[in-house]
Amino acid sequence: MTPRPRLLLIFLDGVGIGAGDERRNPFARAKIPTLQELMGGSIPTLATPRTSGSGGHAFPLDATLGVPGTPQSGTGQATLLTGMNAAAAFGRHFGPWTPVRLRPLVEERSLLRGACDAGLAVAFANAYPKGWPGPRGSRRVAGPPLAAQGAGLLHRHEQSLADGNAVSSEIVNDGWRRHLGHDWIPEISEESAGRNLAAITASHDLTLYAHYDTDTAGHRGGMDGAIAALERVDRFLNGVMAAIPAHTTVLITSDHGNLEDVEAEHTRNPALGVSAGPEGQRLSESLTSIQDVAPAALSVLKG
């Protein structure tokens with residue numbers, strides 16, 4: 101019997117494909133063996149944006165979407181999650197948060213909602229505090245938790261994180277312990293967090309995990325911060341790939357460029373796409389923009 105398709109979608113905020121200049125591009129200097137293997141054994145650059153090998157494939161995703169200006173997280177995430185050109189619908193690129201006018205689109209027409217409506221087992225692996233976003237944060241809403249809320253999947257909170265049945269947006273649990281006052285939540289390594297994500301994936305057809313610190317590092321971290329952010333993600337991916345269930349397709353995507361050029365902040369470079377597993381090659385060949393991600397993911401899941 102053919103195994104049922106399974107897809108793990110990992111969203112990395114603000115990661116594009118940059119020039120092969122180690123003075124500006126942290127990909128050229130970071131120690132990222134797991135990510136490099138998933139990208140086919142080499143680092144994609146603007147000169148060679150597609151890389152492929154036995155471990156996986158890397159490919160460029162247009163994030164400009166025919167709209168002038170520099171791509172931003174709000175409209176980029178909305179596009180990525182729904183398959184609709186949110187920047188065109190809104191009239192411009194907008195961020196960092198989901199525009200209020202586009203929130204119904206993300207809640208009602210996301211990949212997560214579509215997969216749930218199709219009867220699939222779907223998980224949003226991130227832990228969010230109970231009561232999110234709360235009255236003070238009601239205007240600061242990222243796309244992934246908004247989509248999860250619209251699909252009825254925003255139910256992994258403090259206890260889930262402590263039990264290893266959720267993953268922090270920053271991968272490790274430091275922020276929850278130090279800034280949110282939950283010092284009873286155990287510390288965790290990046291590799292262990294990755295194994296927890298793999299375990300969640302094992303019981304779902306579609307799993308979404310979102311990580312935002314890559315974009316933060318692109319804004320504030322300089323070269324050292326950008327390298328540290330990539331190496332943290334790599335350790336996390338090492339844990340994921342060591343424990344991921346067989347026959348699972350992994351798709352890593354971003355919403356816009358930033359981290360790949362430490363001198364530029366947000367860029368008009370292609371967003372990074374990475375795929376591995378049973379449908380990895382097909383995805384690498386069919387995805388050309390962030391608008392293609394949601395429909396392609398549903399296509400994989402429906403077989």
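The numbering of the sequence shown is my numbering, which starts it at 101 and goes up by one.
Don't be surprised by glycine CBs; every beta carbon is placed ideally from N, CA and C.
All figures in this text were calculated on a predicted structure; none of them were measured in a lab.
DSSP-derived helix/strand/coil call for residue i
i: R209; result: coil
i: G321; result: coil
i: L180; result: helix
i: G231; result: coil
i: T145; result: coil
i: S354; result: coil
i: L330; result: helix
i: G116; result: strand
i: I285; result: coil
Own chain partners of residue i with C-beta closer than 6 Å, once the 5 adjacent residues on each side are dropped
i: G377; result: T348, T349 and V350
i: I300; result: A223, A225 and T307
Beta strand (DSSP E) segment containing residue i, residue limits
i: I110; result: R106 to L112
i: T151; result: T151 to G153
i: S375; result: A371 to A376
i: L280; result: Segment: none, L280 is in no beta strand (DSSP E) and carries neither H nor E.
i: L308; result: L306 to H311
i: E224; result: One point to set straight first is that residue 224 is Phe, not Glu, in the sequence displayed. Run containing F224: V222 to F224, per the beta strand (DSSP E) assignment.
Element boundaries [alpha helix (DSSP H), containing residue i]
i: A293; result: E290 to A302
i: S399; result: V393 to K402
i: A248; result: G243 to G250
i: P94; result: A question about residue 94 goes unanswered here, because the residues of the chain that appear run from 101 up to 403.
i: A189; result: A186 to F190
i: L261; result: E258 to A262
i: T198; result: Note, T198: premise wrong, no alpha helix (DSSP H); not H, not E.
i: T134; result: P133 to L138
i: L383; result: G380 to S386
Beta-carbon gap between residue i and residue j smaller than 7 Å
i: S389; j: L161; result: yes
i: F336; j: I271; result: yes
i: D355; j: L180; result: yes
i: N358; j: D315; result: yes
i: T145; j: G120; result: yes
i: R278; j: A266; result: no
i: P370; j: I117; result: yes
i: V362; j: A326; result: yes
i: A178; j: G243; result: yes
i: L107; j: L383; result: no
Close-in-space but distant-in-sequence residues of the same chain around residue i (CB under 7 Å, 5 per side omitted)
i: P196; result: Q172, S173 and G174
i: H282; result: E258 and W276
i: H304; result: A221, V222 and A223
i: R332; result: I271 and E290
i: M341; result: T134
Beta-carbon proximity list for residue i, same chain, < 8 Å, skipping 5 on both sides
i: A394; result: L180, L181, T182, G183, S210, L211 and G214
i: E365; result: G318, H319 and N358
i: A346; result: P103
Touch check for the segment 136-150 and the segment 205-218: three-plus C-beta pairs under 8 Å? Contact fails between the segment 136-150 and the segment 205-218, because fewer than three Cβ pairs, one in each stretch, are under 8 Å apart.
Decide yes or no for the touch test of the segment 243-255 against the segment 289-296: beta carbon pairs closer than 8 Å, at least 3 of them. Verdict: no, contact absent.
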